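Numbering (this note's numbering), first residue to last: 315 to 477.
Structural data, given as structure tokens:
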């Protein structure tokens with residue numbers, strides 16, 4: 315499975331850190347991360363609507379591959395307010411605004427987990443929902459045994475289906 319990693323402008327250092335973190339966490343599950351570089355984002359402002367970004371990505375990034383876009387601006391989701399990241403289908407968007415590299419990598423792992431089909435988890439797991447920067451900083455960067463098993467089953471099923 316290929317994950318295309320994209321960014322909007324100034325996120326180059328963070329993109330390298332995110333790429334390593336995703337490869338370290340999901341390499342076992344046959345996820346290959348390709349740094350595809352810059353993606354033009356036509357929206358302006360200090361806060362971007364994540365739902366609009368995901369719709370835009372769906373329109374310009376075609377194919378079966380997965381995509382993660384890292385943006386410099388803060389994200390919000392209508393009706394929810396500020397968010398760190400968001401996913402829909404095979405695409406996810408992640409804000410690097412005000413988040414240090416280690417925490418950013420953890421949130422990237424979380425969003426890629428959604429793209430891979432994982433839901434939020436109640437365990438001490440990277441898939442646990444973080445509602446604040448403090449919660450995000452405290453949660454694990456690893457998958458719990460239950461999420462890991464779900465992902466292994468999904469990867470095995472996809473491998474069998476693609477034969």
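Each residue gets a CB set at the ideal place from its N, CA and C atoms; glycine is no exception.
Just so it is clear, the structure is predicted and the values come from calculations on it, not from any experiment.
* **Residues that residue 401 bridges to, as DSSP identifies them** => 406
* Asked: Beta-carbon separation of residue 329 and residue 380 under 9 Å?
  -> The answer is no: Cβ separation not under 9 Å.
* CB residue 362 to CB residue 387, shorter than 9 Å? -> yes
* What runs of the beta strand (DSSP E), each 3 residues or longer, lie entirely inside the segment 335-402? -> 346-352, 361-363, 380-385, 388-391, 395-397, 399-402
* To do: Measure the alpha-carbon distance for residue 396 versus residue 359 and round it to whole angstroms.
  => Spanning the two alpha carbons is a distance of roughly 14 Å.
* To the nearest angstrom, report how far apart residue 413 and residue 445 are at their CA atoms. => If I take the Cα positions, the gap works out to 14 Å.
* Asked: Relative to the C-alpha of residue 391, which residue among 378, 426, 409 is closest?
  -> 409
* Asked: Looking at C-alpha atoms only, which residue of 344, 333, 332 is the closest neighbour of residue 472?
  -> 344
* Candidates 440, 451, 321, of which the one nearest residue 459 by Cα -> Of 440, 451, 321, the residue nearest in Cα terms is 440.
* Asked: Among 394, 353, 369, which has the Cα closest to the Cα of residue 383?
  -> 353
* **Member of 449, 316, 450, 368 whose CA lies at the smallest distance from the CA of residue 378** => 316
* Burial state of residue 423, where buried means 16 or more other Cβ atoms lie within 10 Å -> buried
* **CA nearest to the CA of residue 420, picked from 357, 450, 433** => 450
* Can you give me the start and stop residues for the beta strand (DSSP E) that residue 319 sits inside? => Here the beta strand (DSSP E) through residue 319 covers 316-321.
* Use the C-beta contact count for residue 453: other C-beta atoms within 10 angstroms, 16 or more gives buried, fewer gives exposed. => buried
* Would you kindly work out how many angstroms separate the C-alpha atoms of residue 341 and residue 356, rounded to a whole number? => 32 Å
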